[in-house]
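Single-structure report; data block below.
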Amino acid sequence: MTVLADKLPETSAGESTTSDALDVEKVRRDFPILSRMVHGKKLVYLDNAATSQKPRAVIDAISGYYENDNSNIHRGVHFLSGLATEAHDHARTTVQKFINAADSREVVFTRGTTEAINLVAQTYGRAHVGAGDEVLITAMEHHSNIVPWQILCEEKKARLRVAPIDDRGELLLDEFEKLLTPRTKIVAVTHVSNALGTVNPLAAIIKMAHSRNIPVLVDGAQAIPHLRVDVQALDCDFYTFSSHKVYGPMGIGVLYGKASLLESMPPYQGGGDMISSVTFEKTTYNKLPYKFEAGTPDVAGAIGLGAAIDYVNHLGRENVAAHEHELLTYATHTLSAISGLRLIGTAREKTGALSFVLEDIHPHDIGTILDQQGIAIRTGHHCAQPVMERFGIPATARASFAVYNTKEEIDALAAGIQKVREVFA
Amino acid sequence: MADLRELYQEVILEHSKTPRNFKQPPAVNRSAEGYNPLCGDHFTVYLDMEGDSIRDIGFKGSGCAISKASASMMTQIVKGKSKQEASALFEDFHKLVTGTDGKNADLGKLAVFSGVSEFPTRVKCATLAWHTLQAALAGQHDAVSTE
């Protein structure tokens, strides 16, 4: 099914190749929610690292599916079941092309990044990590790339090692390499830090690990909306991301895994769809990727994700990245000029998010005062408490950007921060 | 900005900047940790109980202006009160900040927190120290959480 493709101009590569600068006002009109008011003010949505807003094309693809094609997949011989199955398969192929996976069998749909990481920890991890072994992560991980490994290590009496970061929020590569030992069974690392915006040097990380035959899982939740991801070029073993951070619906995400690894892994959950045959004596598991997709999947979610990817391709990923880079540079410059404001996370390579603290004003108070002006940011520890501890702060305020944000909105943020200072003066 | 001034009243800002009883009292026989996972607010409330009466109270930790001011003013008002009186005050305070008929209760200075009821996301901030006090009074050992 091609709910969306019908409405978008096709190019041979499935992606807009024009290098024309993005027409942000036109992009904004694609997102219905951006025209709403909050507390009587125009919404300034700068909480995109938490979740992005959805374009009309995604909303229509989901409602269109339920209005016209809804049926369970891989079940019926009837017309609608065929349509739904085809649409679900099509979404998987769209994801495969988006991340340049070699084969659509390597794309497993999950509930999101968190479930994808848990899946690997509970299957690959349980099969390969034993007593005294080590799992290596970094000090800038989101809780979703810490806790699944802690659970595994606790069960297996293994050790969770943490590679440190510096005051800029950059991974200390030398220290990381020293922590790769003969006992290291897997490396799990974020592509982009959600709290700091740091882009990790994945190529170097993966090379170091692979030279010791250690597989690498990448948490791509914060990278997928901003960076071109090519899993074959990266040569990562697992790549995980969530649909809702890249303009798609909540409740669906992706685990990419190299086919050879996925083949060797035990199943995650048991149930329908993940089997070839079942008797009370023995069950034969289904082939990839269905082996890891027990139960009725979120078909509408997959279709919505496919529509979101089509939308990003339509805008042109290079155009999106260029616009967001400009926003981040402008925001860094504008916010740095505010006296008493300190940026948390000043890595040389950053994307998407800008964390800051303001004198001794708690971020939660900053968030409330900005909210009264219609400005939505995230405040708190961003599910990255160890990062907060590393910087000796309880929380930060974080503005994070998407393709529809403008420099005017960053000016509004700066003016809002001045109001925070006035209230606390 | 009028709404914001309702929330961030001068008294609240002043208490958040210079919190009272912001220390561990010399003699402590009960304490509890309170934690708001949403924003990372984290306080410990220390009690020096004489029977059922709060002889001394202090708190330490970090949090937003609302949570810190609330903790500070709570320690002032419950000092010398009995466990039952403190619990009754919390009940009235909770009604005040959630906007459920607390305006008539005699909360004295705590009435400055009435603006919180217009900001539902901040109710947890205003009540964190009180929940923690309840836990300390009950002799609970696990950290309490607002979630």
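Chains L and C, in that order, give the protein sequences.
Heads up: the first sequence begins at 11 in the working numbering, then just goes up one per residue.
Heads up: the second sequence begins at 34 in the working numbering, then just goes up one per residue.
Note that CB positions come from ideal geometry on N, CA and C, so glycine has one too.
Residue 69 of chain C is bridged by DSSP to C:74. The contact set of residue 96 of chain C on chain L, defined by CB atoms closer than 9 Å, consists of 372, 374 and 404 in chain order.
Scanning chain L for C-beta atoms nearer than 9 Å to the C-beta of residue 113 of chain C yields nothing, as the closest lies near 30 Å away. At a cut-off of 8 Å between C-beta atoms, residue 61 of chain L does not count as an interface residue with respect to chain C. Rounded to whole angstroms, residue 314 of chain L and residue 71 of chain L show a C-alpha spacing of 6 Å. With contacts defined as CB atoms closer than 8 Å, residue 406 of chain L and residue 434 of chain L fail to qualify as a contacting pair. Residue contact check for residue 92 of chain C against chain L: no CB pair falls below 8 Å. Residue 266 of chain L sits in a strand when the DSSP states are folded into three classes.
Within the same chain, and ignoring the five residues on either side of residue 430 of chain L in sequence, the residues whose Cβ sits closer than 8 Å to its Cβ are 368, 371, 375, 376, 379 and 380. Assignment of beta-bridge partners to residue 148 of chain L by DSSP yields L:173. Identification of chain C residues near residue 379 of chain L by a Cβ-Cβ cut-off of 7 Å yields 37, ordered along the chain.
Around residue 434 of chain L, the beta-carbon contacts reaching into chain C at under 8 Å are 41, 46 and 98. Rounded to the nearest whole angstrom, the C-alpha separation of residue 94 of chain L and residue 309 of chain L is 7 Å. Residue 42 of chain C is not a Cβ neighbour of residue 93 of chain C, given a cutoff of 8 Å.
Per the Cβ contact rule, the stretch 244–251 of chain L is in contact with the stretch 216–233 of chain L (3 or more Cβ pairs under 8 Å). The beta carbon of residue 146 of chain C sits no closer than 8 Å to any beta carbon of chain L.
Residue environment for residue 157 of chain C: buried (at least 16 other C-beta atoms within 10 angstroms of its C-beta). Chain L has a Cβ within less than 8 Å of the Cβ of residue 71 of chain C. Non-local C-beta neighbours of residue 316 of chain L in its own chain, meaning closer than 6 Å and more than five positions away in sequence, comprise 101 and 104, ordered along the chain.
Per DSSP, residue 115 of chain L lies in no alpha helix (DSSP H) segment and is marked neither H nor E.
Counted as a single uninterrupted DSSP element, the alpha helix (DSSP H) harbouring residue 316 of chain L occupies residues 309–325.
Residue 78 of chain L counts as exposed, since fewer than 16 other C-beta atoms from the protein chains shown sit within 10 angstroms of its C-beta. Rounded to the nearest whole angstrom, the CA to CA distance from residue 169 of chain L to residue 341 of chain L is 40 Å. By the Cβ neighbour-count rule, residue 223 of chain L is exposed, with fewer than 16 other Cβ atoms within 10 Å of its own.
Residue 196 of chain L: member of the beta strand (DSSP E) spanning 194–200, first to last residue. In the structure shown, residue 302 of chain L adopts helical secondary structure according to DSSP, grouped into three states.
Between residue 132 of chain L and chain C, the shortest Cβ-Cβ separation is not below 8 Å. DSSP places residue 423 of chain L in the uninterrupted alpha helix (DSSP H) bounded by 417–433.
Chain L places a beta carbon closer than 8 Å to that of residue 75 of chain C, counting this residue as a contact. If you compare the alpha carbons of L:145, L:210, L:149 and L:41 with that of residue 193 of chain L, the shortest gap goes to L:145. When the Cα atoms are used, residue 280 of chain L and residue 304 of chain L turn out to be separated by approximately 6 Å. The C-beta of residue 391 of chain L comes closer than 8 Å to at least one C-beta of chain C. In the three-state reduction of the DSSP assignment, residue 398 of chain L falls in the helix class, which pools H, G and I. Assignment of residue 369 of chain L by DSSP, reduced to helix, strand and coil, places it in the coil class. Closest option to residue 165 of chain L, judged by alpha-carbon separation, among L:148, L:182 and L:140: L:140. Under the 8 Å criterion on CB atoms, residue 63 of chain C is classed as non-interfacial with respect to chain L.
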